[in-house]
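See structure below.
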Amino acid sequence: MHLELRGITKRFGSLVANDHIDLDVEPGQIHALLGENGAGKSTLMNVLYGLYEPDEGQIVIDGKPVSFANPKDAIAAGIGMVHQHFMLVPVFTVAENVTLGIEPVRSLPHLRVAGRLGLLDRRRARREVKELSARYNLDVDPDAVVEHLPVGTQQRVEIIKSLARQAEVLILDEPTAVLTPGETDELFAILKSLQASGRSVVFITHKLREVQAVADQVTVIRQGKVVEHLAPTATDAQLAAAMVGREVRLRVEKGPAAPGEVVLAISGLTVADDLGGTAVNDFSLEVRRGEIVGIAGVQGNGQTELCESLLGLRPALAGTVTIAGDDLTGADTRTVLRAGVGYVPEDRQDDGLVGDFTIAENLALDVYDQAPYSRGPALRLDALRDIAARQIAEFDVRTRSSEVPVRTLSGGNQQKVILARELSRPVNLLVASQPTRGLDIGSIEFVHKRIVAARDGGAGVLIVSSELDEIYALADRIAVMSDGRIIGIRPPTVSREELGLLMSGAHRDAPAEAAS
Amino acid sequence: MTAAAPATDPRPSGEHPAEGPKGFVAAFVEAIVEGSSTTVTVLAVVAAIVIGGILIAFSDPHVLGKMGHFFSAPGAALGAAWDSASAAYSAMFRGAIVNFHTVSAASRGGSVTAVFNPISETIVNATPLIFAGLAVMLPFRAGLFNIGATGQFIGGAIVAGYLGFAVSLPPFIHVVVAVAGGFAGGAAVGWFVGFLRARTGANEVIVTIMLNYVAEYFLLYVLGTSPFRRPGRSDPITPFMHGTARLPHLAGASLRINAGILVALAAAAAVSWLLKRSTLGFEIRAVGANARAARGAGMNVERGYILVMLIAGGLAGLAAASVVLGTNYTVDPQIYGTYGIDAITIALLGRGTPLGVVLASLLYGALHAGGVTMVAATQTPIEIVTVIQSVIVLFVAAPPLVRALFRLRTPKQAEAVPLLAAPAVVTEP
Amino acid sequence: MTAATLIPTGRRTVDRQLAAGVTLALLGVMDLALFGLAGHTGTAKFGMSLAGASVHVPDLSLPARGTPIVAGAISIVLGALRIRLDLSPALRRTTMGAAIGLFLVSFLCWAAAGQTLSLVGLLQSTATRSIPIVLGALAGCLCERAGVINIAIEGQLLLGAFVAAVAASATGNLWVGLLTGSLAGGLLAAMLAAFAIAFVVDQVVLGVVLNVFASGLTGYLYDRILVTYQRTLNQPPVFRNWKVPVLGDIPIIGPVFFDSNVFLYLTYGALFLVQAFLFHTRWGLRVRAVGEHPVAAETVGIRVLATRYRNVILGGLVAGLGGAYLTIGSVGAFGKDISSGKGYIALAALIFGRWTPLGAVGAALVFGFADALQNVLSILGTPIPSDVLLMLPYAATILVVAGLVGKVRAPAADGRPYVKS
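Chains as they are written, first to last, in numbering that gives the first Met the number 0: chain A, 0 to 515; chain B, 0 to 428; chain C, 0 to 420.
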């Protein structure tokens, strides 16, 4: 199938998410769509999948213009999509998920009504899944309940789902964000075998290396526009420059670290995940004042649970956490914060801010019950406002007033509000998880500068990031986390290859070395 | 709103009206003049009254008789319909606001208090509704649905009632103790809900609904036990409250208006202060708007749930105290009436603010007080009030429907998220 | 402590296991002490046939003190096992069911000590009394599996009861009454659907308001019209019992399940259909997908909103049928608030039955049993206040949602409107 997008434009209010985008996907091609977060890649794919209707432009399949009012139309035209957040019903089995919407029904030879009744033919559903799974080496059990499967397998279920619908073009939206390097390689092998069967793949990513590894053709999108069509043989620098529009300089101005006393000591920490499994397993690490320790690792290897446990949001099953000399194992969040811990959570809208609260209220979110914000049981609204005005200026939050709901701010400004709140009180330790995810370059620079400033001010800093570039830019020491443990600590001069190997869990240091 | 901002802005959009601290009066004025939501509420009331009128007219046996001759004498039929509805509504007005006969009688030397009787009745009816409405509204701000004001009311009624008839105390002290007992009785029931929610995650909607029934049967059981029996009566009803335990009348014994309304207004003011000006209120609002972020900021969400339900239960218990000690002076198996259910719709109508709850309660109180007069004057069943109330709420809950009905344009300003809109699953990928 | 309550951890499942075990053992202790040791001596006789049955089954006699003591001992052992062993979910449910059953047996032995209690009569009464609860619960199941909370079951029962009585009276035709009663429930459900789906109103508030609306409307019309035109509009005929040939003569089972009026047969037909529909057809699979993950359903071409409209209205038709039973299947004339909270009990049964039709029916039968028992006990003169007994279904539901008796999990998108951006 030959898929073309011609002049696709999609606006949300005044924002132009896609601005006259052209894309040409040939049969049997793996086409990478490269762009920063927020460049408009996902919007484009949702247009292609019938979830959004384009304001202008055309989708052309094999020379014929088509239009999709909903995903059903797109599916019928042979388009399959693997969403970033999987579209699987967690309590259904693999076979149920795969056949949902195209369920095989039983036809009894003697009873013609059986088909009309729509009685499910579970055996045929199971067989279909098994066949597809075998043909493309996907290795999925049709009877497993999806919520019990690891993410890598869930992704394969999504792929089977598309294949079962005879997808000729498969769209994958940031498929590797949740995968280990090993699983990523498996995915690439699957994509190659799909390609060999004549299907084409649109691969959305912001990771340069993946483009080079698997794509035949690259289209770069920036701020809703196609900026360049490149061959995958292009260098890192060329791809990156096209993606962000200028020379990337993720290197932050920072002097050498001057590590002081130990401010955070984690020893043998074990934490459960939501399903009762072990997310953090006998984890040990020390962070000193005046240094930034970066935790590198593939998402979902226990980083989230680690941070939540440090902050008292998740109970520790074993081990100890000592912060600035106090044993705070199992302490509640308020106690941890009062011990001088600043916290920038991974998901700022869900965990860091109250969207309907004003900026001023959000800036006081964890200090509202202390002087000067309160007097006895009463809140001092004037103090809230005055302090907010000062912090807004200091942290360069772009807003007309401190009294607007924080949800009306851009992502970068929201993150500045969190930083302003967390760094305006005396901080011994800053825990920041994915501090620049989804931010524009300007905000990233600002956030990085502030984090380095906190280090230079004598705080210990623990950064968790799945972006290696960020880890390299900030960390004075890099700790690699895999499967709930630290499996190696390296200086920032370590090679990407070595880090990648460590992150995959393929290689691990001897315990003594790791703990040091 | 900071005065300078719109003035310097060449195109004042007014998208984000700043919400600084407002006085009670300023907030009141703003609630009336501001935006489309108030308009929608007023129009919803109008629409409901019209629908109620149609229902009154076309269920009147007299009108139905005339309807038989509709095609030969349409005028007579429609005239009868109009007469029926207007008679019912004017009786309602006489019962809720003012009866002009009593005014002219007073001007000729008749009773002056009779003039104020309708207003007094409206306020008396509104008093428990204010408490109960606050009992639903406050948890709502913390993200909890209190369907259980009925059960909490019963808890308050049992304790306040018992203290009122079984205990002897000096005047003033007795009524204070009994009212406090009402608060405590309701608070205990509310606490249980909060406790279950905090400790086990039990959905408070289900728990409160079920607890209402448990409380209703428990009340029936308690009233059957000997300490609660009124001597000489075989039916389940308590003895009368001691005089010392009764809420004092505000305008003489011939008008039922009593100190309960003062307590209710004080409670509304207290809840308003709590939400806007206190650290606890800050916590409650944060928990309601985003519990995860509140937790991340070190707030004790569970403690918040328990406290909020405790206070809410107490407020519902005060509603019971205002009925038991203010007007009924006894506890019977139907004492809880429909206060708990009305409270839910009042919280909705009041758009989640204490002032709104007071205004909505007064409206409901007027409908109830007027309804009683209407029944006496026109034999229109009192349930019409229930129908009107529920239709008002349905309209208020669905602004687009009201706008369509009255051909209003959708306001340019992004509509405030409807107060009771549920968290939606949005197709945002 | 704070986080532990929100996030399930290993420790918490242990707590659950302990709590469930202790509950079982407590039930056992109550059997043993309350009904056994503190009970009366003598025998409790249980009547197993109704008067005039073609096949007479002899009465069952049990020792009034011995039975509770044995039952209590068994429950305590089950409780201990529950604490010590990590049982499979099916076994866990079996132990809980067994303990509740033993509790009931003990209770009955205690109550009927020295007397005769017609067990068949009790069961027959249970089956009929649970009809509106079963239908209400099935209605709730249809709605909530598609992701719409239906608190308005009560109102649907009430409106169904009203319309069925009036229509059957006016036309003299019971089938017209049955049909219109069902349609009335569907109409109120259509209002629920429109407000919940199109106007995105919170479904809990909406349900409560619709109940108030139905109660007000039927109460108003009753006082205004039915009282005046009592003879023409509120004196409906009642469906007569129709004994199924052969099956109706089976001892015990016959009188309970096969000698009733059309409503009982319709109820179990509806149960069968809903269960088959939800779990064995493609429509059911899609409904459940919509209730669990509407976005995923939409991406495979399922029309989420249409599915929800259809299911809510379907549910209303079923609940309306339950309402019709209250008048033309049972007492005949409509009375104010004749549903008397049965819609809320149905909701409780739905939750108790873990949102499955079969489970909901099981729970509805238990609740119907409590209702029937309360009636019988007042005849036997047992010193248990009927109020306490009537309270039990509600109290039990609180225990269930608090997770003290196993875990319940509502459809993931239950109560969450679907908005296409």
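For each residue, glycine too, the CB sits at the ideal point set by N, CA and C.
Proximity of chain C to Lys71 of chain A at the Cβ level (cut-off 7 Å) is accounted for by Gly300, in chain order. When Cβ pairs closer than 8 Å are counted between the two stretches, the region 329-343 of chain A is seen not to touch the region 263-270 of chain B, the count staying below three. Under DSSP, Val201 of chain A takes part in a beta bridge, and its partners are A:His30 and A:Ile170.
DSSP places Ser481 of chain A in the uninterrupted beta strand (DSSP E) bounded by Arg476 to Ser481. Annotation for Leu4 of chain A: the continuous beta strand (DSSP E) segment containing it runs Leu2 to Phe11. The beta carbon of Ser360 of chain B lies closer than 6 Å to those of Ala125, Leu128, Ile129, Gly132 and Ile345 in the same chain, with the five residues before and after it left out. Here Arg287 of chain A is bridged, per DSSP, to A:Val261. Residue burial annotation: Asp222 of chain C is buried, with at least 16 other C-beta atoms found within 10 angstroms of its C-beta. Per the C-alpha coordinates, the member of C:Ala19, C:Ala151 and C:Val119 positioned closest to Arg92 of chain C is C:Ala19. Lys448 of chain A counts as exposed, since fewer than 16 other C-beta atoms from the protein chains shown sit within 10 angstroms of its C-beta. DSSP, reduced to helix, strand and coil, places Val493 of chain A outside both helices and strands of the structure shown, so it counts as coil. By the rule that beta-carbons nearer than 8 Å mark a contact, Leu306 of chain B does not touch chain A. Within the region 116-201 of chain C, complete alpha helix (DSSP H) segments of at least 4 residues are found at 118-128, 130-144, 152-170 and 173-192, given in chain order.
Against chain C, the beta carbon of Ser360 of chain B has no neighbour under 9 Å; the closest one sits roughly 16 Å away. As DSSP reads the structure, His228 of chain A sits in a beta bridge with A:Thr218. Per DSSP, the unbroken beta strand (DSSP E) holding Gln57 of chain A starts and ends at Glu55 to Ile60. Asp413 of chain C is outside the set of residues whose beta carbon lies under 8 Å from a beta carbon in chain B. Under the three-state reduction of DSSP output, Asn289 of chain B falls in the coil class, being neither helix nor strand. Three or more beta-carbon pairs separated by less than 8 Å are not found between the region 160-169 of chain B and the region 103-110 of chain B, which leaves the two stretches without contact. For a cut-off of 8 Å, the C-beta gap from Glu297 of chain C to Pro410 of chain C is around 16 Å, too long to register as a contact. In the three-state reduction of the DSSP assignment, Gly218 of chain C falls in the helix class, which pools H, G and I. Within 8 Å of the CB of Leu219 of chain B, the CB atoms of chain C belong to Asp386, in sequence order along the chain. Annotation: Val390 of chain B to Phe212 of chain C spans about 7 Å, alpha carbon to alpha carbon. Looking from the CA of Thr269 of chain A, the closest CA among A:Pro314, A:Glu227 and A:Asp23 belongs to A:Pro314. Residues of the same chain with a CB within less than 7 Å of the CB of Val213 of chain A, apart from the 5 flanking positions on each side, are Ile29, Phe187, Leu190 and Phe202 in chain order. Residues are counted here when their Cβ sits less than 7 Å from a Cβ of chain B; for the region 389-403 of chain C these are Leu389, Met390, Tyr393, Ala394, Thr396, Ile397, Val400, Ala401 and Gly402, given in chain order. Sorting A:Ser283, A:Ile294 and A:Gln348 by C-alpha distance to the C-alpha of Ala317 of chain A places A:Ser283 at the top. With a contact defined as Cβ atoms closer than 8 Å, Glu143 of chain C and Leu376 of chain C miss out at about 33 Å. By the 16-neighbour rule on beta-carbons within 10 angstroms, Thr357 of chain A is buried. Judged by DSSP in its simplified three-state form, Ile78 of chain A adopts strand. When the beta-carbon positions are compared, Gly56 of chain A and Arg5 of chain A come within less than 8 Å of each other.
Burial state of Thr183 of chain A is buried, judged by a 10 Å Cβ sphere holding 16 or more other Cβ atoms.
Under the 8 Å criterion on CB atoms, Met44 of chain A is classed as non-interfacial with respect to chain C. In this structure Val150 of chain A is not in contact with Val93 of chain A, their Cβ atoms being roughly 14 Å apart against a cut-off of 8 Å. Setting aside the 5 residues that flank it on each side, Pro250 of chain C is surrounded in the same chain by Val54 and Val56, each with a C-beta closer than 6 Å to its C-beta; the list follows chain order. When secondary structure is reduced to three states using DSSP, Val405 of chain A falls in the helix class.
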